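>
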Amino acid sequence: MKKLLSVIVFSLLLTFSIVCRAENEERVYTLFDESGNRITSRMGQMYVGDEYISADNLLYEIISVNDETASAYARLIGNEPEDIFKVMSAKDNGKRLICMYSTHSDESYIPSDGDFSLEKNAGIYDVGEAFQKHLESLGFEVEYSKDTFLPHDAGAYRRSRSVAEDYAERMPAAIIDIHRDGISKDEYETTVDGEEMSKIRLFVGKSNQNAAENRAFAKKIKAIADDKYPGLVKDIFIGKGNYNQDLYPRAILLEFGTHEIDKSLVIDSTEYMAKVMSAAVGSPAEQRAQPETSEEKKASVSGIAILIGIAVVGVIVFAVASTGSFRGAGQRIKKTAGEITGGLFKGNRDGKSK
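Sequential numbering of the sequence shown, starting at 529, is according to the numbering used here.
1. Are the stretch 586–603 and the stretch 747–754 in contact at 8 Å, needing three or more beta carbon pairs?
2. Sorted by chain position, which residues of the same chain lie with C-beta nearer than 7 Å to Asp641's C-beta, five sequence neighbours on each side aside?
3. From the DSSP secondary-structure annotation, give me the bridge partner or partners of Ile704.
4. Hey, quick one: how far does the alpha helix (DSSP H) through Asp755 stretch, first residue to last?
5. Looking at the secondary structure, which residues open and close the beta strand (DSSP E) in which Lys762 lies?
6. Can you give the beta carbon distance from Tyr580 to Ile567, rounded, assuming they're within the 8 Å contact cut?
7. For Asn736, I'd like the list of residues in its chain whose CB is within less than 8 Å of its CB, leaving aside the five on either flank, ordered along the chain.
8. Assign Thr719 to buried or exposed, taking buried as 16 or more other Cβ atoms, counted over all protein chains shown, within 10 Å of its Cβ.
9. Checking 8 Å against the spacing of the C-beta atoms, do Leu625 and Glu697 come in under that value?
10. Using C-beta distances below 8 Å, list every residue in its chain close to Glu723, excluding the 5 sequence neighbours before and after it, in chain order.
11. Taking a contact to mean a Cβ-Cβ separation below 8 Å, would you say Gly785 touches Asp721 in this structure?
12. Among Leu666, His680, Tyr637, Gly767, whose alpha-carbon lies nearest the alpha-carbon of Met805?
13. Grab the span of the alpha helix (DSSP H) containing Gly656 for me, first residue to last.
14. Have a look at Glu788 and Pro700 and give me their C-alpha separation to the nearest angstrom.
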């Protein structure tokens, strides 16, 4: 009887925990710095250890969370390093494949769709199709799954995982999960090249073996967008969970706007993001054909010079140690150099070089 009672109590507590977590995932959390200044917000729970890269590339780490007030506080770590780590190359099969799906299949835009959530004809698929069209115009083959993974709950990522697994086996240039945020439209409204549109947030899951590469991929996308189309990418949120990004190093979750913004503004942003994505992934053949940049050449020359310098110092130290004097070291080095080069640097009897 006691054992049965324990099982019942445990089950109730587990159910309560799951329900509370699901409710928190549907709340807007606000992030503050240690001085109480507002940094950003997002639809969904924040956790201690989550990270945030702001529009100006400042890195914050969340150090405390208050679920009752849906607020979190973060410590400023400093500037996020600008170096972009190597990310796994796409499969060179003569095509540049990009695979996309929408885990939260009901997400919609109130001004255009009439509701923030629609089980049929959700607005998020209009955004995905526009993004697909622009990618295809740039030469990509794009597969966008229209499968739905309802309901919109904590199990949605489990239900969409089979689609992501199938995509990962095909080694595409990228796997993209298309979403929208659920915060105020004020945080997403922007102007790019004189055109009003929606910002895009990049979301990375840190609880997986590909987290470093997923993060590097997101940083690369943001760096390109910041250079080509300032104001397009809002920021990068690096949160607890894996969001199926553990399946592939070049997996990314893109949040196109928010439920309050007009869908037409979101669709306008897809053209620019397609150009950014094209620059971010390219193709292996294109990457091999690119000439070495002046910075890379300088780095190569500098690296060679350093190695030569280290070698020379090592030879001198060894020669001094073995002969007991700098003069003896000089004679030994000259003799060795003459033997190696066939006498090119061997001194004449008059002490002059040949």
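We treat Cβ as the ideally placed atom computed from N, Cα and C, and that holds for glycine.
What you are looking at is a predicted structure, and each value in this text was computed from that prediction instead of being measured.
According to the structure data:
1. no
2. Residue mapping note: residue 641 aligns to position 113 of the sequence shown, counting from 1. The answer, listed in chain order, is Gly651, Lys791.
3. For this step, residue 704 is matched to residue 176 along the sequence shown. Beta-bridge pairing links Ile704 to Met628, Ile780.
4. Taking the sequence shown and counting its residues from 1, one reaches residue 755 at position 227. Residues 739–756.
5. The count along the sequence shown starts at 1 and reaches residue 762 at position 234. 761–767 is the extent of the beta strand (DSSP E) around Lys762.
6. As a first step, residue 580 must be located in the sequence shown, where it is residue number 52. As a first step, residue 567 must be located in the sequence shown, where it is residue number 39. About 7 Å; that satisfies the 8 Å criterion.
7. Position 208 of the sequence shown holds residue 736. Correct list, in chain order: Asn742, Asn770, Gln773, Asp774.
8. What you label residue 719 is simply residue 191 of the sequence shown in a count that begins at 1. By the neighbour-count rule (16 or more Cβ atoms within 10 Å), Thr719 is not buried but exposed.
9. Indexing the sequence shown from 1 puts residue 625 at position 97. Indexing the sequence shown from 1 puts residue 697 at position 169. No, the pair does not count as a contact, with Cβ atoms beyond the cut-off.
10. Locating residue 723 in the sequence shown gives position 195, counting from the first residue. Asp796, listed in sequence order.
11. Here residue 785 refers to the residue found at position 257 of the sequence shown. Here residue 721 refers to the residue found at position 193 of the sequence shown. Not a contact, by the Cβ cut-off of 8 Å.
12. Counting from one through the sequence shown, the residue named residue 805 turns up at place 277. Among Leu666, His680, Tyr637, Gly767, the Cα nearest to that of Met805 belongs to Leu666.
13. Taking the first residue of the sequence shown as position 1, residue 656 is located at position 128. Looking at the DSSP string, the run of the alpha helix (DSSP H) that includes Gly656 is 651–665.
14. Position 260 of the sequence shown holds residue 788. Position 172 of the sequence shown holds residue 700. Their backbone Cα atoms lie some 33 Å apart in a straight line.
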